[in-house]
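From first to last, the protein sequence lines are chains S and Z. Under my numbering, read the first sequence as residues 13 to 281, first letter to last. Under my numbering, read the second sequence as residues 208 to 647, first letter to last. Below: the structure, in C-alpha cells.
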Amino acid sequence: MLTDVAMEQKLAPTQDQHMIKIQGQEVCVHYGEKQALFSVNLDVRENQVTALIGPSGCGKSTFLRCLNRMNDTIDSARVSGTITLDGENIYDKAIDVVELRARVGMVFQKPNPFPKSIYENVAYGPRIHGLAKKKADLDEIVETSLKKAAIWNEVKDRLHEAGTGLSGGQQQRLCIARAIAVSPEVILMDEPCSALDPIATARVEELIDELRQNYTIVIVTHSMQQAARVSQRTAMFHLGYLVEEGDTDKMFTNPDDKRTQDYITGRFG
Amino acid sequence: MTDLSLSEGKVAPRARRDIGLRRRYAAEARFRFYGIFAIALGIFFLLALLFTVFKGGYTAFWQTSINLPITFDAETIDPDNKRATDPGKLLTANYTVLARNALAEKLGIDVEDKANRADLKLVSGLISQGVRTQLRDIVVADPSVIGTTRNVWVLAAADVDSAHKGQIDLAVPEARRKVKDQQVEWMNKLSQEGMMAERFNSGLFTFGASSRPETSGMGVALIGSLYMMLIVLVLSLPIGVAASIYLEEFAPKNRMTDLIEVNINNLAAVPSIVFGLLGLAVFINFAGLPRSASLVGGLVLTLMTLPTIIIATRAALKAVPPSIRSAALGVGASRMQMVFHHVLPLAAPGILTGTIIGLAQALGETAPLLLIGMVAFVANYPATPMDPATALPVQIFMWANEAERAFVERTSGAIIILLLFLAAMNLAAIILRRRFERRW
Ligand SMILES: Nc1ncnc2c1ncn2[C@@H]1O[C@H](COP(=O)(O)OP(=O)(O)OP(=O)(O)O)[C@@H](O)[C@H]1O
Ligand SMILES: [Mg+2]
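See below:
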C-alpha cells in the first residue's frame, strides 16, 4: 500500500520534483541609456513550459534573449545580474557563447529558415557542432528532428527542396526541428505562433507539449489561452518589471497582483 | 430580390467632397512627363554618342591592302650570299624594294629606267612602310622562300587607305592633297583587277605603337589593360571583401569605425588623378617600381577600385536580413561561421556586381595612368606586368592627339572596342546577379 502511494505521488509530480534549470537573479538590461528590465528574479524549471506574458514592450523578448545571450549581438545592450544554467553563470568569462547556444536553442517570432534545402536547414547545426560522424548519422538526426517537430510526413519527399518554399506554419515547425537537431537542453520560443493560423498553432502547441518530456521550454506569448494551454508556470511582466510568477493554474484563476488580473481578463495590454 | 434591396437601400446621393483629386492627378501627370522627358533626353544623347562613334569608327576595322606577287630575290635580300654564316643579314635586308618592284611591274613601270624615278617614288607611296617588317618576318620564319615568288597581301599606305575609303576629298587641288592623281588612277586600276581590297584589320588588335597609322594597333594596350584588370581583381576583391566583412560584421560600432566609414565614402569620390599622383609618389618614387609598368597601373587602379568594392560589399552585407543572422547564431554558429556559411553566400551577387562595376570603372580610367607614365610609345608586347605598356583608354587618348585621318578613324575604332568590353562586363554583372540571386 505504501509503495502504491509513493508511486502515485511520483506519477503526479509536484512542483518540487522539477529541478531549477535556469535561475535569473537581479537581471537588469539596458539598451544604451534606456533600461528595459529591472531586477528580474525568475526561475525556469526543468521539463516544464514556462510562459512569459505581458503587454507589448514590457521586456519579455529581452529577458528571453538574455537566456542564450542573443543580446550580445545587439551593440547597445548591456546585461547585469546573474543567470545560471545548471548552477553555472552563463555570463561568466569561462562560458563559451557558442556552446551555450548549442545547449539553449531558440525559435524566433518570424519563421526564419535558411535559404537552403529543408535537409540542410536541419543538418546545419549538427554539422557545425560535429554531432554526426557519418552521413547516415546525420540523416538519422535530420529524420528524428523532423519527426519530433511533427513535420516529417509533410516534407519527407521533398527534403532537398528549399525550406523557404514551405508554408509559414511548416517553416516554423522546420525552425523548431532545426533547434532540436542540436539536442539542446532548453528551447526558447519567442511568440512562435504569432505568424500562424489556428490549425498550425494547434499543431505547434501539441508539439510543445510533447517536447516538454525531453526539453525545458520558455515561451513568450500574447495569447492568454495559449499560455494557459501549454504552460505549467507563467511569469507576468509589466514595464520591465516581473509582476508575478507562479503555477499557470493559479495565475489564471487567482492571481495575487491586480495588474495580472487586469491583463489576463483583457482590461489592458 | 436585387430590385428590392436596391429600392430599399436607396439614399439621397451625398454631395461629393472636393478632396483635390484633379490637382493630384495633374501633379502625377506632370511628374510622369518630367520622367519620360528625362529618359528620352538621356537616350537621345546615348544614341547620338553611339552613332557618331560607330559612324566614325566602323571603317577602322577594315584596312586597304594590296595583293602582290612578291619575288623574294636573293640578289636584293642577300647580295653577298652570307646568310648561312650571318643570320643578321636577313634582318637588315632591303625588303621595301621587293614590294615596290612587284607593284611597279604590275603597273607596267620599268624599275631599271632612271627616267621613271618620280613614278617609282609614287609607287612606293602606295605601299605601307610596314611592309618591311611584314616581308622580313616571312623570310626569317622560312628562309627557303628566298628565290621564289609568293602572293602576299601587303598593307596600303594610310593615305591610300583613307582615299580608298572615300575619306579624302579628291576635289581638292592635287598640290594640297596627299594622294596624287597618278596614284588615284593606279588605285582604281588595282581595285578593278581585284588586287586592292579592304580586308579585316586584324592589325588593329595585334600591332603595338607606331608612327604610321596603318601599322599601329591596340595590341600592347589590350595586354596592358588585361594585366591591370587581373591585378585589380586579384588585389581589390579579397582586400575589399575582407575589409567590408570586418567593418560590417566584426568591428565595434564606435567613433573610430564611423570615421573609417566616412573616409571610405570620401575616398570613392576622390578624383582619380589624385590616385595617379599617389601612385607616382609611393610606387615609383618610393618603392622604386618601373615607370609605365602595368604593375604600377594595376596597383593605382586597385587603390581607386577598393572604395567602390567596399561600399558595394557593405551594402550587399547590410541587405542580408538580420533574421538569417539570428537563425545561424541561434543554432550555435560562431560569428565567423555565420558570415561565411550564411551571410556571404546571400551577399555574393551584390558583391560580384559591385566588383564588376568597379573593374569596368578601372578599365576606363585614364588620368592616373598618364601620371605614372603609361602614356608611352610602346611597340613591343609587354612580356610581364613589369614591362612598359599602355592601356585601352590611354591608347584612345594618344590616337586622339594625332592629326592624320587614319588615326581619327582608329580613335573611334578603339572607343568601339572599349565600349564593347564595358558592355560585356556590365552584361556579365547582370547575368551573375540573375543567376545567383536568391529569394528569402
Ligand atoms: N534592440 C533594441 N534597442 C533598443 N531598445 C530595444 C531593443 N529591443 C528592445 N528594446 C526596448 O526594450 C523594451 C522591451 O522590448 P522587448 O522587445 O523585450 O518587448 P516585448 O515584451 O518582447 O514586446 P513585444 O510583445 O511587443 O514583442 C522596449 O521598450 C523596446 O523599445
Ligand atoms: Mg517580443
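Heads up, the beta-carbon is just placed ideally off N, CA and C, and yes, glycines get one too. Fair warning: this is a prediction, and the values are worked out from it, not measured in the lab.
Quick one: what does DSSP say residue i is sitting in, helix, strand or coil?
i, result
"Z/Pro-199", "Only positions 208 to 647 of chain Z appear in the structure, and residue 199 of chain Z is not among them; the question remains open."
"S/Val-116", "strand"
"Z/Leu-652", "Because chain Z spans 208 through 647 in this model, residue 652 of chain Z falls outside it and cannot be assessed."
"S/His-30", "coil"
"S/Cys-187", "helix"
"S/Cys-70", "coil"
"S/Ser-179", "coil"
"Z/Met-543", "helix"
"Z/Arg-406", "strand"
"S/Ala-89", "strand"
"Z/Leu-423", "Note on residue identity: the sequence assigns Ser, not Leu, to residue 423 of chain Z. Of the three classes helix, strand and coil, the one that applies to Z/Ser-423 here is coil, per DSSP."
"S/Val-194", "coil"
"S/Phe-126", "coil"
"Z/Glu-616", "helix"
"S/Ala-160", "According to the sequence as given, residue 160 of chain S is Lys; it is not Ala. If DSSP states are grouped into helix, strand and coil, S/Lys-160 belongs with the helices."
"Z/Arg-641", "helix"
"Z/Lys-296", "helix"
"Z/Phe-414", "coil"
"S/Thr-277", "coil"
"S/Asp-98", "coil"
"Z/His-648", "A query on residue 648 of chain Z cannot be resolved here, the shown segment of chain Z reaching from 208 to 647 and no further."
"S/Lys-46", "strand"
"S/Asn-53", "strand"
"Z/Asp-388", "helix"
"S/Glu-203", "coil"
"Z/Glu-611", "coil"
"Z/Val-582", "coil"
"S/Thr-62", "strand"
"Z/Glu-572", "coil"
"Z/Leu-437", "helix"
"Z/Glu-455", "helix"
"S/Gly-142", "coil"
"Z/Ala-590", "coil"
"Z/Gln-602", "helix"
"S/Gln-37", "strand"
"Z/Ala-476", "coil"
"S/Ile-229", "strand"
"S/Glu-20", "Any reading at S/Glu-20 needs caution, since the residue's pLDDT is 43, under 50, leaving its predicted position unreliable; the model's value is listed next. Correct three-state label for S/Glu-20: helix."
Exercise for review: Can you give me, in chain order, the residues of the segment 125 to 156 of chain S that have a beta carbon less than 8 Å from any beta carbon in chain Z?
Suggested key: Listed by position along the chain: Pro-125, Phe-126, Pro-127, Tyr-136, Gly-137, Ile-140 and His-141.
Review point. Does the segment 396 to 403 of chain Z come close enough to the segment 585 to 596 of chain Z to have 3 or more Cβ pairs within less than 8 Å?
Key: In this structure the segment 396 to 403 of chain Z does not lie against the segment 585 to 596 of chain Z, because fewer than three pairs of beta carbons, one per stretch, are closer than 8 Å.
Review point. For the segment 537 to 569 of chain Z, which residues have a beta carbon sitting closer than 8 Å to at least one beta carbon of chain S?
Key: Within the segment 537 to 569 of chain Z, the residues whose Cβ lies closer than 8 Å to some Cβ of chain S are Gly-537, Val-538, Gly-539, Ala-540, Ser-541, Gln-544, His-548, His-549 and Leu-553, listed in chain order.
Point to revise | Residues of the segment 453 to 471 of chain Z whose Cβ lies closer than 8 Å to any Cβ of chain S, in chain order | key: Listed by position along the chain: Pro-459 and Lys-460.
Practice item. Report yes or no: do the segment 349 to 367 of chain Z and the segment 268 to 277 of chain Z share at least 3 C-beta pairs separated by less than 8 Å? Key: Result yes; three or more Cβ-Cβ pairs closer than 8 Å.
Review point. Any contact of the segment 199 to 212 of chain S with the segment 174 to 188 of chain S, i.e. 3+ C-beta pairs under 8 Å?
Key: Contact between the segment 199 to 212 of chain S and the segment 174 to 188 of chain S is present, because at least three Cβ pairs lie under 8 Å.
Exercise for review: Determine which residues of the segment 175 to 208 of chain S have a Cβ less than 9 Å from any Cβ of chain Z, and write them out in chain order.
Suggested key: Hits within the stretch, in order: Thr-176, Cys-187, Arg-190, Ala-191, Ala-193, Val-194, Pro-196 and Leu-200.
Check your understanding: For the segment 232 to 249 of chain S, which residues have a CB atom closer than 8 Å to at least one CB atom of chain Z, in sequence order?
Key -> For the segment 232 to 249 of chain S, which is checked against every Cβ of chain Z, not one residue is closer than 8 Å.
Check your understanding: Using Cβ-Cβ distances below 7 Å, what residues of the segment 34 to 65 of chain S are close to chain Z?
Key -> Across the segment 34 to 65 of chain S, no CB contact with chain Z closer than 7 Å is found for any residue.
Review point. Which ranges would you report for the beta strand (DSSP E) in the segment 236 to 291 of chain Z if only whole runs of at least 3 residues count?
Key: Counting only runs of 3+ residues, the beta strand (DSSP E) found wholly inside the segment 236 to 291 of chain Z occupies 269 to 278, in chain order.
Point to revise | Chain-ordered residues, beta carbon under 5 Å from a heavy atom of ligand 1 | key: Those residues that bring their Cβ nearer than 5 Å to a heavy atom of ligand 1 are S/Tyr-43, S/Ala-48, S/Ser-68, S/Gly-69, S/Cys-70, S/Gly-71, S/Lys-72, S/Ser-73, S/Thr-74 and S/Ile-86.
Review point. Hey, which unbroken runs of the alpha helix (DSSP H) at 4 residues or more fall wholly within the segment 485 to 540 of chain Z?
Key: Those alpha helix (DSSP H) runs which fall completely within the segment 485 to 540 of chain Z and span 4+ residues are 501 to 526 and 529 to 537.
Review point. Taking any Cβ of chain Z, which residues in the segment 73 to 86 of chain S have a Cβ under 8 Å from it, in chain order?
Key: Residues are counted here when their Cβ sits less than 8 Å from a Cβ of chain Z; for the segment 73 to 86 of chain S these are Asn-80, Met-82 and Thr-85, given in chain order.
**Study point:** chain Z contacts made by the segment 101 to 112 of chain S, where a contact means CB separation under 9 Å
**Key:** Those would be Val-109, Val-110, Glu-111 and Leu-112, in chain order.
Review point. Is the segment 417 to 426 of chain Z close to the segment 602 to 621 of chain Z, with three or more CB pairs under 8 Å?
Key: When Cβ pairs closer than 8 Å are counted between the two stretches, the segment 417 to 426 of chain Z is seen to touch the segment 602 to 621 of chain Z, the count reaching three or more.
Practice item. For the segment 628 to 647 of chain Z and the segment 450 to 465 of chain Z, state whether three or more C-beta atom pairs, one from each stretch, are separated by less than 8 Å. Key: The segment 628 to 647 of chain Z is not in contact with the segment 450 to 465 of chain Z.
Practice item. Spell out a yes or no on whether the segment 268 to 280 of chain S and the segment 61 to 75 of chain S are touching, meaning 3 or more CB-CB pairs, one atom from each, closer than 8 Å. Key: Result yes; three or more Cβ-Cβ pairs closer than 8 Å.
Check your understanding: Going along the segment 509 to 541 of chain Z in order, which residues come within less than 7 Å of chain S, judged by CB to CB distance?
Key -> Shown in chain order are the members of the segment 509 to 541 of chain Z whose Cβ falls below 7 Å from a Cβ of chain S: Ser-530, Ile-531, Ser-533, Ala-534, Leu-536, Gly-537, Val-538, Gly-539, Ala-540 and Ser-541.
Review point. In chain order, which continuous runs of the beta strand (DSSP E) of length 3 or greater are located wholly inside the segment 232 to 271 of chain S?
Key: Those beta strand (DSSP E) runs which fall completely within the segment 232 to 271 of chain S and span 3+ residues are 245 to 250 and 253 to 259.
Check your understanding: For the segment 306 to 360 of chain Z, which segments carrying the alpha helix (DSSP H) assignment without a break, of at least 4 residues, lie completely within its bounds, in sequence order?
Key -> With a minimum length of 4 residues, the continuous alpha helix (DSSP H) runs that stay inside the segment 306 to 360 of chain Z are 324 to 333 and 338 to 348.
Check your understanding: Would you call the segment 290 to 306 of chain Z and the segment 363 to 376 of chain Z in contact, with 3 or more CB pairs under 8 Å?
Key -> With a cut-off of 8 Å, the segment 363 to 376 of chain Z and the segment 290 to 306 of chain Z do not count as touching, because too few Cβ pairs lie within range.
Review point. Okay, do the segment 254 to 266 of chain Z and the segment 341 to 359 of chain Z touch, 3+ Cβ pairs below 8 Å being the bar?
Key: The answer is no - the segment 341 to 359 of chain Z does not touch the segment 254 to 266 of chain Z, with fewer than three Cβ pairs under 8 Å.
Point to revise | contact_flag[the segment 524 to 535 of chain Z, the segment 125 to 132 of chain S] where n(CB pairs < 8 Å) is 3 or more | key: Remark: three or more beta-carbon pairs, one from each stretch, lie closer than 8 Å, so the segment 524 to 535 of chain Z and the segment 125 to 132 of chain S are flagged as touching.
Exercise for review: Report yes or no: do the segment 143 to 156 of chain S and the segment 92 to 100 of chain S share at least 3 C-beta pairs separated by less than 8 Å?
Suggested key: Taking a contact to require three or more Cβ pairs closer than 8 Å, the segment 143 to 156 of chain S and the segment 92 to 100 of chain S do not qualify as touching.
Exercise for review: With 7 Å as the limit, tell me which residues of the segment 158 to 176 of chain S have their beta carbon closer than that to any beta carbon of chain Z; keep them in chain order.
Suggested key: Per Cβ criterion, the list reads Thr-176.
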